[in-house]
DNA sequence: TATAGTGTTATCGG
DNA sequence: ACCGATAACACTAT
C-alpha cells in the first residue's frame with residue numbers, strides 16, 4: 109500500500125514493459141476512479157497512442173503519450189497497484205513490493221485498464237478505490253520529492269510551522285512522498301517525537317531527520333516496500349523498541365495512527 | 001458484526 | 001487568506 113517507494117516501483121513497471129505499445133482499448137468505465145472525467149473521455153484521448161515515458165513526484169505518477177497526447181496521471185491511493193499482463197492474461201510484472209494478501213493474477217479489483225496492440229494490458233488494481241486516474245494531472249502543487257529534496261529546502265519546510273513534525277513531513281504540498289509508515293520510521297530512526305513542533309527542532313535534529321528520510325526511502329526501495337522498514341514490525345500492541353526495549357506507544361498525530369518509542373522519542 | 005486502514009481533499013474553526 | 005484538525009470518501013480484511 110503505496111508510499112513513495114511503492115509508487116517508484118509502479119513507475120518502473122510502466123517503464124519496463126508499458127512503453128511504446130499502441131493502445132487499442134481503454135477501460136475507463138469506473139466513474140469514481142476516473143473522476144472528474146466521465147466514462148469514455150480518457151478512452152477517447154488515448155486510443156491509438158503509445159505511452160512514451162513514466163514520471164513520478166512523491167506519490168503521484170504521470171505518463172507521457174505519443175503524438176502530443178495528454179499526460180495520463182495515476183495515483184495509487186491506499187490500495188492501488190499497477191500490473192502488466194500478457195495477451196493470455198498472465199501477470200508478468202507487478203513491481204517488486206509486497207501487497208496485502210493479493211496473489212498474482214487476481215484481477216477482481218481492476219478499476220482501469222489499457223489494452224495494447226499485442227493483446228497485453230496495463231491494469232490498475234485498487235480494491236478500495238481511493239486511487240485515481242486522470243488526464244493532465246496537476247502535479248505542480250506538490251512539494252519537492254522527498255527522495256531528492258535539498259538540505260536548505262528541507263530545513264525551510266520545518267522552520268516556519270508549529271505543527272507536529274510528523275504532520276509537516278506528511279504534507280504533500282511541502283514535501284512529496286512521505287506517508288504514515290515512512291514518517292514513523294524516519295522519526296524513530298532520528299529519535300524525535302512525532303508531536304514535537306516542527307519549528308522547535310534544532311539544527312542537529314533537522315540533520316538527523318534528513319538523513320533518516322533518505323535512508324528510509326533508500327531502504328524501502330531496496331527492501332521491497334515500506335512494510336520492510338525496521339520499526340514497522342513494532343507498530344503493534346505490547347511491542348518493545350528494538351533499540352532499547354522500552355515500550356512502543358500509540359497515539360494520533362497529524363490525524364494518523366502513530367507509534368513511537370516511549371523512551372527515545374519522548 | 002464492528003472496526004481499522006501505508007491517502008487525499010473538502011470543510012470547518014481559529 | 002493561512003493554518004491545522006477533522007470527516008468523508010469506498011471497500012476489504014480481521
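In our numbering, the protein residues as written are 109 to 374.
All C-beta atoms in this analysis are idealised placements derived from N, C-alpha and C, irrespective of residue type, glycine included.
For clarity, every value in this text was computed on a predicted model and none was experimentally measured.
- Fully enclosed alpha helix (DSSP H) runs of no fewer than 4 residues occupy 273-277 of the segment 266-290, in order along the chain.
- For the segment 173-228, there is no continuous alpha helix (DSSP H) assignment of 4+ residues that stays within its boundaries.
- A distance of 9 Å or more separates the beta carbons of residue 243 and residue 126.
- In this structure, the CA atom of residue 165 is about 35 Å from the CA atom of residue 348.
- Here residue 119 is actually not in contact with residue 134; their C-beta atoms are around 20 Å apart, not less than 8 Å.
- Taking a C-beta distance under 9 Å as the contact criterion, residue 138 and residue 224 do not qualify as a contact pair.
- When the beta-carbon positions are compared, residue 334 and residue 114 come within less than 9 Å of each other.
- Residue 196 is not a Cβ neighbour of residue 212, given a cutoff of 9 Å.
- For residue 331, the enclosing alpha helix (DSSP H) stretches over residues 311-331.
- Assigned with DSSP and collapsed to three states, residue 346 falls in coil, not helix or strand.
- When C-alpha distances from residue 236 are compared across 269, 189, 369 and 282, the shortest belongs to 189.
- The C-beta distance from residue 233 to residue 217 rounds to 5 Å, short enough to fall under 8 Å.
- Here the segment 270-277 makes no contact with the segment 167-174; the two share fewer than three CB pairs at distances below 8 Å.
- The alpha-carbon of residue 293 is positioned some 7 Å away from that of residue 337.
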